[in-house]
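Residue numbers (the working numbering), protein chains in the order written: chain S, 1 to 403; chain W, 1 to 163.
In this text, a Cβ means the ideal position worked out from N, Cα and C, and glycines have one as well.
Below, the structure written as structure tokens:
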């Protein structure tokens, strides 16, 4: 490994040692750069560290018009998807796509692969009622064994279907307690959890046997969280108040923790109608579901740090990734720890108008919430692409390409 | 002043036989030989067969600057903070031809000088970001040695990155 004398001969860049190439790869700031670096020559293509050795970059923002916005560089990307897409939602690393004829598939952007599901579950089949319902599925979670879907209708229903091997899916609807709205669902350590707007957590058992019985839901009795001063204000109805909040809850898996993330959105007063006050997210609170194995009794424990991770929340997809320390020099392309990245919410938990107009501009109420400072800054975006040209039928969400 | 004279000096010998006398504190920046110095199993002369004199002198220049930058400045005349000063100095330091950059990065890796390794790898990454594969090849004078089929496959896997 003698160093070249340098002056006249061409430095052998293809021979850059693997560990150095890995360090360079970890420093290029976008998913596109990582892919292009590997496409330069054979040596660089084969001589790269395995994916999980590279620190994760910021995800893409999936825009309403079906394109993808890379952060922080602002490049727009297009991923080939089947024609006639009726519904698109992100499962984190992939897009769950339903076509007009009811066919479902999972498409990953990088590398581009599509996995078709052998037979669509009943709630995707086309019939006069289903047509209407098709467009109101807000979230899907997928594992090797099951697909669970959160549907916007009435108080929001959860449907689960078993995957893998053998005859048609057994799809069942979870029996939700009558009084509650479903806020979010998540797969945690192989199990399906459902969070209600009452902050109850339900563990839904999807039976291994071929049965049509509805899956049982074990309600974990979570000790309720005391309101803090700001939240108490939210409860008092005052049409002139300009500090009213609306709440939105997300269920997020972060490492080995199951988190409930509460988002408080400042809403304009009812009167006057032209107050000029915009809907803006003001604050987040994060709670860990603790003592889950404690025989049906759990508790929400507020956390003030994400232990080296960052959260990305949206209606259809909420995830967590390892993050860089706040003061880290390299990588404006990496997430910062103890930060929550968010975008405009199309729906609140209670009022889901099934005839809702097109999804809103994802940037209207977006940004990064810093847990330590309790402040909001804007999303890391080097170009100003926050305009209405991204209008389209799809709800905005996050997607995490694996590069 | 007297203390300076008594500083222990270490001799580093490049692959082409040139000798460089450096302060012990500077030599300690090279983690590869640091343990040798600490365990006192190094002679005062340490051979570095993988680094030639041109690169070794650059490495020593870098380590010298960083070791002394850690100390408070006596005159304090600079308008910039010491950290900014150092950053600017680093930026100028890596404005070298590609061959030197390549050799510096290899030397930083071999000698285990983390800050220099970070600096050189970041510089290379900055030369790559935002470029298409063809532009990267042109920048670094790299030959495209994929077969047509291989190149097709690579493009197909991540079409979005090549549009």
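query, result
"Closer than 8 Å is the cut-off here; do at least three beta carbon pairs connect the region 148 to 163 of chain W with the region 51 to 68 of chain W?", "no"
"Terminal residues of the continuous alpha helix (DSSP H) containing residue 196/S?", "Premise fails: residue 196/S lies in the beta strand (DSSP E), 191 to 196, not in any alpha helix (DSSP H)."
"Give me the subset of the region 95 to 110 of chain W whose CB atoms are less than 7 Å from a CB atom of chain S, sorted by chain position.", "98, 99, 100, 102, 103, 105, 106, 107, 109"
"Less than 8 Å between C-beta atoms, sequence neighbours within five positions excluded: which residues of the same chain meet that for residue 8/W?", "23, 24"
"Measuring only between beta-carbons, confirm whether residue 29/S sits less than 8 Å from chain W.", "yes"
"Run the CB neighbour count on residue 240/S, radius 10 Å, all protein chains shown included, and call it buried at 16 or more, exposed below.", "exposed"
"When you compare only the Cα positions, how much space is there between residue 275/S and residue 269/S?", "7 Å"
"Please state whether the Cβ-Cβ distance between residue 301/S and residue 254/S is less than 8 Å.", "no"
"Output yes if chain W places a C-beta closer than 8 Å to the C-beta of residue 338/S; else output no.", "no"
"What number of angstroms, rounded off, separates the C-alpha of residue 12/W from the C-alpha of residue 73/S?", "44 Å"
"Could you give the distance in angstroms between the alpha-carbon of residue 99/S and the alpha-carbon of residue 323/S?", "35 Å"
"Given a limit of 9 Å on CB to CB distance, which residues of the region 36 to 50 of chain W reach chain S?", "49, 50"
"According to the neighbour-count rule (16 or more other Cβ atoms, all chains shown, within 10 Å of its Cβ), is residue 395/S buried or exposed?", "buried"
"Is residue 88/W buried or exposed, if buried means 16 or more other CB atoms sit within 10 Å of its CB?", "exposed"
"Just to confirm before moving on: does the CB-CB distance between residue 363/S and residue 281/S stay below 8 Å?", "no"
"Thinking just about the alpha-carbon of each residue, which of 44/S, 35/S, 88/S, 192/S is nearest to the one in residue 359/S?", "88/S"
"Drop a sphere of 10 angstroms on the beta-carbon of residue 147/W, count the other beta-carbons inside from all chains shown, and report buried for 16 or more, exposed for fewer.", "exposed"
"Answer yes or no: do residue 96/W and residue 119/W have a C-beta to C-beta separation smaller than 8 Å?", "no"
"Contact between the region 25 to 34 of chain S and the region 284 to 294 of chain S: three or more CB pairs below 8 Å?", "no"
"Among 70/S, 287/S, 93/S, which one has its Cα closest to the Cα of residue 400/S?", "93/S"
"Looking at residue 26/W: is its Cβ nearer than 8 Å to the Cβ of residue 55/W?", "no"
"Would you identify the three-state DSSP class for residue 395/S, choosing helix, strand or coil?", "coil"
"Hey, quick one: how far does the alpha helix (DSSP H) through residue 56/W stretch, first residue to last?", "53 to 69"
"Looking at the C-beta of residue 210/S, does it have a partner C-beta in chain W at a distance below 8 Å?", "The predicted position of residue 210/S is uncertain, since its pLDDT is 42 and thus under 50; no value can be drawn from it."
"Residues in its own chain within less than 8 Å of residue 332/S by CB, not counting five upstream and five downstream?", "29, 72, 380"
"Taking C-beta pairs closer than 9 Å, name the residues in chain W that residue 77/S reaches, listed in chain order.", "160, 161, 163"
"Buried or exposed: which applies to residue 144/W, given that a residue is buried once 16 or more other Cβ atoms fall within 10 Å of its Cβ?", "exposed"
"Rank 138/S, 79/S, 203/S by C-alpha distance to the C-alpha of residue 289/S and give the top, closest one.", "203/S"
"Which chain S residues sit within Cβ distance under 9 Å of residue 145/W?", "14, 41, 42, 43"
"Return the first residue and the last residue of the alpha helix (DSSP H) that residue 298/S is part of.", "No alpha helix (DSSP H) contains residue 298/S, which is instead part of the beta strand (DSSP E) from 297 to 303."
"Residue ranges of each alpha helix (DSSP H) run of no fewer than 4 residues wholly in the region 108 to 157 of chain W, ordered along the chain?", "114 to 128, 133 to 140, 148 to 157"
"How is the beta strand (DSSP E) around residue 61/S delimited, first residue to last?", "60 to 62"
"Find out if the Cβ-Cβ distance for the pair residue 411/S, residue 248/S is shorter than 8 Å.", "It is not possible to answer for residue 411/S, since the shown part of chain S is limited to 1 through 403."
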